[in-house]
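Working notes, structure below.
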Amino acid sequence: MNRYHRPRVSRRPQWWWGLLVVAAVLPAGCARTTGASTLVVSAAASLAAPFGAITAAFEDLHPDVDVALNLAGSTSLREQILGGAPVDVFASADWETMDDVVGVVRPAGVPAVFARTDMVVAVPVANSAGVTGIGALADPALFVGLCAVPVPCGVYARQVLSAAGVEPSIDTAEPDVRSLVDKLVSGELDVGLVYATDVVATPGLTGIEVPPGTGVTVEYPIVSLDDGAIASAFVAFVRSDVGQDILRAHGFDTP
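The sequence shown: position 148 = 169 (our numbering), numbered continuously.
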């Protein structure tokens with residue numbers, strides 16, 4: 022069993038708007054500038070921890086900007102954007118969802134990969150079910166969870182299972198990876214398939230590598246949907262040395 026070690030991750034406050042979670046992330050100990058411009062960044066739920074840190078660092082450099090970090094499953098974000106939501110920057114957990122968006126909404130730049138990760142079998146740290154590998158997801162005696170399709174983590178999970186020749190016994194299909202992770206941590210589920218970076222970032226989870234030859238590489242593309250300088254600056258910051266260092270500190274691979 023391969024364990025993933027988790028660096029300390031800071032927690033920042035969140036507020037709700039519409040049907041999606043929007044985190045207004047502020048630099049610790051600092052008040053934002055009155056009358057600051059708001060930059061809306063819609064990002065895959067699996068990017069919550071690194072994008073919280075990236076947002077805080079970006080706001081430190083741009084005290085006249087408030088970044089509203091909108092976190093949800095990539096397909097939920099796609100539907101909101103295509104429905105007309107005012108989003109300045111979009112970061113997806115897959116290319117298909119990104120292509121859907123830029124095929125309809127004219128982007129202000131070219132989508133580019135800024136991070137990568139892998140899929141792993143995830144279990145609560147106590148592992149009371151005695152899970153040792155991917156075959157456990159076929160056990161009807163266990164509580165098994167995956168992300169729903171067409172959410173990227175659900176699509177990737179099924180690709181891995183198919184390659185491993187495993188027919189999963191699914192008890193729940195969650196709307197995003199954070200929901201799946203929460204149910205694993207709480208003990209509601211015995212086993213699931215999540216991103217390796219979610220195991221790194223989450224207390225109470227242990228990761229088990231999938232069999233050789235069955236894994237998939239998860240790529241995260243980002244694009245500016247607004248032609249303003251601030252949106253472009255945020256995308257550039259994510260891809261800068263500082264942004265890439267933050268992503269690596271949270272367990273992501275970088276281009």
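Heads up, the beta-carbon is just placed ideally off N, CA and C, and yes, glycines get one too.
Whole-Å CB distance - residue i paired with residue j, under 8 angstroms assumed
i: Thr218; j: Phe164; result: That pair is no contact at about 23 angstroms.
i: Pro132; j: Ala185; result: That belief does not hold up - the Cβ atoms of Pro132 and Ala185 are roughly 30 angstroms apart, past 8 angstroms.
i: Gly236; j: Asp139; result: 6 angstroms
Test item: CB-CB of residue i and residue j under 8 angstroms
i: Tyr241; j: Phe135; result: yes
i: Asp211; j: Val141; result: no
i: Asp247; j: Ala57; result: no
i: Asp197; j: Ala93; result: yes
i: Ser261; j: Ser253; result: no
i: Asp88; j: Thr76; result: In the sequence as displayed, the identity of residue 88 is Val instead of Asp. Yes.
i: Glu195; j: Gly166; result: yes
Residue range of the unbroken alpha helix (DSSP H) whose run includes residue i
i: Leu246; result: Run containing Leu246: none; DSSP gives neither H nor E here.
i: Ile191; result: Looking at the DSSP string, Ile191 is not in any alpha helix (DSSP H), and its letter there is neither H nor E.
i: Thr218; result: Ala217 to Ala222
i: Leu201; result: Val198 to Ser207
i: Leu210; result: Premise fails: Leu210 is in no alpha helix (DSSP H) and is neither H nor E.
i: Val176; result: Pro173 to Ala185
Host beta strand (DSSP E) of residue i (start-end)
i: Asp139; result: Ala133 to Pro145
i: Ala157; result: Neither: Ala157 is in no beta strand (DSSP E) and is coded neither H nor E.
i: Gly234; result: Gly234 -> no beta strand (DSSP E), and no H or E assigned at all.
i: Gly264; result: No beta strand (DSSP E) contains Gly264, which is instead part of the alpha helix (DSSP H) from Asp262 to Ala270.
i: Leu226; result: Leu226 to Glu230
i: Leu167; result: Val165 to Cys168
Spatially closest choice to residue i from the options, by CA coordinates
i: Ala106; options: Gly234, Arg199, Asn91 and Val181; result: Asn91
i: Ala69; options: Ser200, Ile102 and Val263; result: Ser200
i: Ala150; options: Leu205, Ile267, Ala114 and Ala169; result: Leu205
i: Arg99; options: Asp87, Ala89 and Ala112; result: Ala112
i: Arg137; options: Thr227, Ser67, Phe255 and Gly234; result: Ser67
**Study point:** alpha helix (DSSP H) segments (min. 4 residues) lying fully within the segment 54 to 129
**Key:** 69 to 82, 95 to 103 and 116 to 123
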